[in-house]
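A short write-up of the structure that comes next.
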Ligand SMILES: Cc1cc2nc3c(=O)[nH]c(=O)nc-3n(C[C@H](O)[C@H](O)[C@H](O)COP(=O)(O)OP(=O)(O)OC[C@H]3O[C@@H](n4cnc5c(N)ncnc54)[C@H](O)[C@@H]3O)c2cc1C
Ligand code: FES
Ligand code: FES
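Residue numbers (our numbering): 8 to 474.
In structure tokens form, the structure reads like this:
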């Protein structure tokens, strides 16, 4: 049993009384000479520092979840259980199947990245998820990925060992929330809001995949943090007939699996959002809280006409996503409010009178785990005569805020998406925004993408032909 100011590391309780809650788990492991976990970037980009968190998630399943220890503040750990690569070392026992598979397929050379791969594969092995997403967040500079993928594929063909780790997954994990000085982990929304009133300068923290980068580099934004990752209400996912309500602190990897097939634009964007380890912690609330003009889920929310539910000392209020972004990283949320949930209206089923098309695209320099040059999401409703009834064309990376091309939407309404309409729409889209040029791309390229991504959408979704 752990007490509030302990966490379990490799099955042993660790006293956290003297811990700095904003120090990353990776730094702390290194200070404790637990050097199996490696540091590559300290930014969440390379996966060398991957460890497994053992937790019972809001769907009731207990899982090992691969996370980047460089992004995990110690403050998030009281009452939780962590396994590092050292946990797989059983004196006198054969190698763990994951390690053996890497040996058998020559999946390691210098070995620096190997503990990270081992822990990602370890989590995937017990979850039965050993496709390429299991290791998409792990970089290797010398082995080459084929032998590592071969090891993953071989593991996927094996029955999962009924070992002590598998046994542990049959028990629920009850993580007690402990308070480390300056890092509060309330269990209810009411307590979170009360804490914010007590500490007005405190900062909300959810998955810490944004704030964790700052903390990892010793940049502490506030004296007090209020963590939202243990509040059950913020972890809920409600699937209703007409809409879906997504708790703001539900990790994105859960959205990926539990909403699969409901919102094509979300299905298409989530796989390109960071890598598995980040999606295992990152949240929709965090993406909205950061309100970056290149936040990838924000154009999707704009296209799908989301509603943001805020909660604060004055109660609850709802804001249409179209009214949420006010300026560069400025939103309609008051400082003492938090994002509690987001509602997405479900697309109407196709009928003889209308059909709804939607899709999302991300253009970046690297295919996976990269920041967008432009992200776009479109939702268009077309009637039986082929005329546009409603259109929402949303973009990220083209202005100080994620925004819609409202003028072009107005132009499209009532028209068929024929060659003449598309020619004008594309010209309008090229002129709709005045993006910046930066090291990722020039303004001209970004403007061209606004037009060409919409052309691709119409060609692919309307006619079924790839553009
Ligand atoms: C390696 C890496 C890759 C990334 N790739 C992508 C990517 O591909 N696309 C992308 O869009 N982003 C990406 N990000 C950024 C980040 O993962 C996302 O913005 C994520 O959604 C943040 O969620 P979080 O829960 O981790 O937020 P946190 O880091 O916990 O918080 C982020 C901000 O939101 C605020 N906040 C959090 N929750 C709430 C809430 N419920 N109410 C009010 N405010 C809140 C916090 O105060 C903070 O200001 C990446 C980050 C890393 C480290
Ligand atoms: S050290 Fe690179 S992801 Fe943590
Ligand atoms: S084995 Fe050398 S970095 Fe992967």
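Note that beta-carbon positions come from the ideal geometry of N, C-alpha and C, so glycine has one too. Here the structure is a predicted model, which is why all the values come from computation and not from measurement.
What do you get for residue 451, buried or exposed, if any count of 16 or more other CB atoms within 10 angstroms of its CB means buried? As a position in the chain shown, residue 451 is number 444, starting the count at 1. Flag for residue 451 reads exposed.
Mind checking who residue 403 pairs with in its DSSP beta bridge? Translated into the one-based positions of the chain shown, residue 403 becomes position 396. DSSP lists 382 as partners of residue 403.
Span of the alpha helix (DSSP H) holding residue 455? Stepping through the chain shown from its first residue, residue 455 is reached at position 448. First-last of the alpha helix (DSSP H) with residue 455: 450 to 464.
Looking at C-beta atoms only, is the number of pairs between the region 61 to 75 and the region 149 to 167 that lie closer than 8 Å three or more? no
What is the C-beta distance between residue 3 and residue 234, in whole angstroms, given that I count them as a contact (C-beta under 8 Å)? Shown here, the chain extends from 8 to 474; a query on residue 3 therefore has no answer.
Pick from 203, 416 and 446 that is closest to residue 435, judged by C-alpha positions: What you label residue 435 is simply residue 428 of the chain shown in a count that begins at 1. Among 203, 416 and 446, the Cα nearest to that of residue 435 belongs to 416.
Any heavy atom of ligand 1 closer than 7 Å to the Cβ of residue 328? For the purposes of this step, residue 328 is identified with residue 321 of the chain shown, where counting begins at 1. No.
Quick one: measure Cβ to Cβ for residue 146 and residue 53, integer angstroms, because I've assumed they're closer than 8 Å. Translated into positions along the chain shown, residue 146 becomes position 139. Translated into positions along the chain shown, residue 53 becomes position 46. Right, the Cβ-Cβ distance comes to about 5 Å (below 8 Å), so this counts as a contact.
Rounded straight-line distance, which links the Cα of residue 38 to that of residue 44: Your numbering for residue 44 matches position 37 in the chain shown. Your numbering for residue 38 matches position 31 in the chain shown. Going from the Cα of residue 44 to the Cα of residue 38 covers about 12 Å.
Within 7 Å: the Cβ of residue 218 and any heavy atom of ligand 2? The residue labelled residue 218 in the question sits at position 211 within the chain shown. No, the beta carbon of residue 218 sits no closer than 7 Å to any heavy atom of ligand 2.
State buried or exposed for residue 132, treating a residue as buried only when at least 16 other CB atoms are found within 10 Å of its CB. Taking the first residue of the chain shown as position 1, residue 132 is located at position 125. Label assigned to residue 132: buried.
Local conformation of residue 373 per DSSP, three classes: Here residue 373 is taken as the residue at index 366 of the chain shown, counted from 1. Correct three-state label for residue 373: coil.
Whole-number beta carbon distance between residue 399 and residue 418, since they are thought to touch under 8 Å: For the purposes of this step, residue 418 is identified with residue 411 of the chain shown, where counting begins at 1. For the purposes of this step, residue 399 is identified with residue 392 of the chain shown, where counting begins at 1. So it is not a contact: roughly 13 Å between Cβ atoms.
Taking only runs of the alpha helix (DSSP H) that begin and end inside the region 143 to 213, which ones reach a length of at least 4 residues, in chain order? 152 to 164, 171 to 175 and 196 to 205
Give the C-beta separation of residue 336 and residue 298 to the nearest angstrom, bearing in mind that I take them to be a contact with Cβ-Cβ under 8 Å. By 1-based counting over the chain shown, the position of residue 336 is 329. By 1-based counting over the chain shown, the position of residue 298 is 291. Residue 336 to residue 298, Cβ: 5 Å. Contact.
Can residue 55 be considered in contact with ligand 2, in the sense that its beta carbon sits closer than 7 Å to one or more heavy atoms? Within the chain shown, the letter at position 48 stands for residue 55. Indeed, a heavy atom of ligand 2 lies less than 7 Å from the Cβ.
Check for me: the beta strand (DSSP E) holding residue 22 runs from which residue to which? The residue labelled residue 22 in the question sits at position 15 within the chain shown. Note, residue 22: beta strand (DSSP E), 19 to 22.
As assigned by DSSP and simplified to three states, the class of residue 325: One-based indexing of the chain shown puts residue 325 at position 318. It is a strand residue.
Across which residues does DSSP place residue 345 in a beta bridge pair? Sequence index remark: in the chain shown, residue 345 carries index 338 (1-based). Residue 345 is bridged to 318.
For ligand 3, list every residue whose C-beta falls under 7 Å from any of its heavy atoms, going in chain order. 115, 116, 117, 118, 119, 120, 121, 147, 148, 149 and 150
Is it the case that the CB of residue 304 approaches a heavy atom of ligand 1 more closely than 7 Å? In the chain shown, the residue the question calls residue 304 occupies position 297. The answer is yes for residue 304.
Just the Cα atoms here: how many angstroms apart are residue 84 and residue 257? As a working note, residue 84 is residue 77 in the chain shown. As a working note, residue 257 is residue 250 in the chain shown. When rounded, the distance between both Cα atoms is 17 Å.
Roughly how far, in whole angstroms, is the beta-carbon of residue 422 from the beta-carbon of residue 428, given that I think they are within contact range, below 8 Å? Taking the first residue of the chain shown as position 1, residue 422 is located at position 415. Taking the first residue of the chain shown as position 1, residue 428 is located at position 421. Indeed they touch by this definition, with Cβ atoms about 5 Å apart.
Buried or exposed for residue 177, going by 16 or more other Cβ atoms inside 10 Å? The count along the chain shown starts at 1 and reaches residue 177 at position 170. Flag for residue 177 reads exposed.
Residues sharing a beta bridge with residue 366, DSSP: As a working mapping, residue 366 is identified with position 359 in the chain shown. Bridge partners of residue 366: 385.
Do residue 47 and ligand 2 come close, with the Cβ less than 7 Å from some heavy atom? Indexing the chain shown from 1 puts residue 47 at position 40. Yes - ligand 2 has a heavy atom lying nearer than 7 Å to the Cβ of residue 47.
Who are the Cβ neighbours of residue 469 in its own chain at under 7 Å, not counting the five residues just before and after it? On the chain shown, position 462 is the one that residue 469 refers to. Answer for residue 469: 364 and 424, listed in chain order.
Sequence-distant residues of its chain with Cβ nearer than 7 Å to residue 99 (five each side left out): What you label residue 99 is simply residue 92 of the chain shown in a count that begins at 1. Cβ neighbours of residue 99 beyond the five flanking positions: none.
With respect to 7 Å, is the separation between the Cβ of residue 210 and the closest non-hydrogen atom of ligand 1 below this value? In the chain shown, residue 210 corresponds to position 203, counting from 1. Yes, since a heavy atom of ligand 1 falls inside the 7 Å radius drawn around the Cβ of residue 210.
How many Å lie between residue 135 and residue 22 at the Cα? Locating residue 135 in the chain shown gives position 128, where the first residue counts as 1. Locating residue 22 in the chain shown gives position 15, where the first residue counts as 1. When rounded, the distance between both Cα atoms is 33 Å.
Pair every Cβ in the region 343 to 362 with every Cβ in the region 243 to 250, then say whether three or more of these pairs are closer than 8 Å. yes
Own chain, CB closer than 7 Å to residue 202, minus 5 neighbours either side, in chain order: Taking the first residue of the chain shown as position 1, residue 202 is located at position 195. Here the set comprises 191, 193, 209 and 233.
So what does DSSP say about residue 46, is it helix, strand or coil? The residue labelled residue 46 in the question sits at position 39 within the chain shown. Three-state DSSP puts residue 46 in coil, outside helix and strand.
Between the C-alpha atoms of residue 324 and residue 345, what's the straight-line distance to the nearest angstrom? Start at 1 with the first residue of the chain shown, and residue 324 comes out as number 317. Start at 1 with the first residue of the chain shown, and residue 345 comes out as number 338. One C-alpha to the other measures close to 11 Å.
Is any heavy atom in ligand 2 found nearer than 7 Å to the beta carbon of residue 51? Here residue 51 refers to the residue found at position 44 when the chain shown is read from its first residue. Correct: residue 51 has its Cβ closer than 7 Å to ligand 2.
May I ask you to verify whether the region 265 to 285 touches the region 358 to 372, counting CB pairs closer than 8 Å and requiring at least 3? yes
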